[in-house]
Amino acid sequence: MFEPLKVRFLRLEGNPDLPLPSRATAQSAGYDVRSAEADLKLQPGEIRAVSTGLIMELPQGVECQVRPRSGLAARFGITLPNSPGTIDPDYRGELKVLLQNGGTDPVAIGRGERIAQLVFARFE
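Here the sequence shown is numbered in this note's numbering, starting from 560 and rising by one per residue.
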């Protein structure tokens, strides 16, 4: 049996109001991550790296997969063009999520809105 993963998160300055990534239910595979940007509007076809206001420290041998949220995709056509994105255990920069508006209308995304989910996986 594997020992539990310990992933450390640090909120960047100016983001004390943002919750840390969390699972919606005990059986959720992904941890929801939120936008740190205010007044974000994605135009149709636009791709943008959206700040989360977080830095993450992964254990050695663990990757973080960044995946789209099905609700945003179904309602507005918002997806991640590099899905799943991979964050390596040695990356220490701000976690940003590449969002793409595949719909026909501009989409407003507010600060604190859930924009993606994080799934952690061990690798060899």
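All C-beta atoms, glycine included, are put in the ideal place defined by N, C-alpha and C.
For residue j and residue i, the rounded distance between their alpha carbons
i    : j    : result
R673 : E683 : 30 angstroms
L601 : L564 : 34 angstroms
L599 : G620 : 34 angstroms
V625 : S642 : 7 angstroms
G662 : R634 : 9 angstroms
P618 : I668 : 31 angstroms
Q659 : I606 : 4 angstroms
L616 : R582 : The identity of residue 616 in the sequence shown is Glu, whereas the question assumes Leu. Those two C-alpha atoms are separated by around 18 angstroms.
N- and C-terminal bounds of the alpha helix (DSSP H) containing residue i
i    : result
A633 : S629 to F635
Extent of the continuous beta strand (DSSP E) to which residue i belongs
i    : result
V621 : V621 to R626
F682 : First-last for F682: undefined, no H or E at that position.
E605 : E605 -> no beta strand (DSSP E), and no H or E assigned at all.
R593 : Y590 to R593
V656 : E653 to N660
A667 : V666 to I668
Cβ pair residue i, residue j closer than 8 angstroms
i    : j    : result
A585 : P627 : no
K655 : A597 : no
G573 : V678 : no
I646 : V666 : no
G671 : L577 : yes
Which residues DSSP lists as bridging residue i, in chain order
i    : result
E616 : R567
V646 : First, the residue type needs correcting, since residue 646 is Ile and not Val in the sequence shown. C623.
R673 : R593
T638 : Q659
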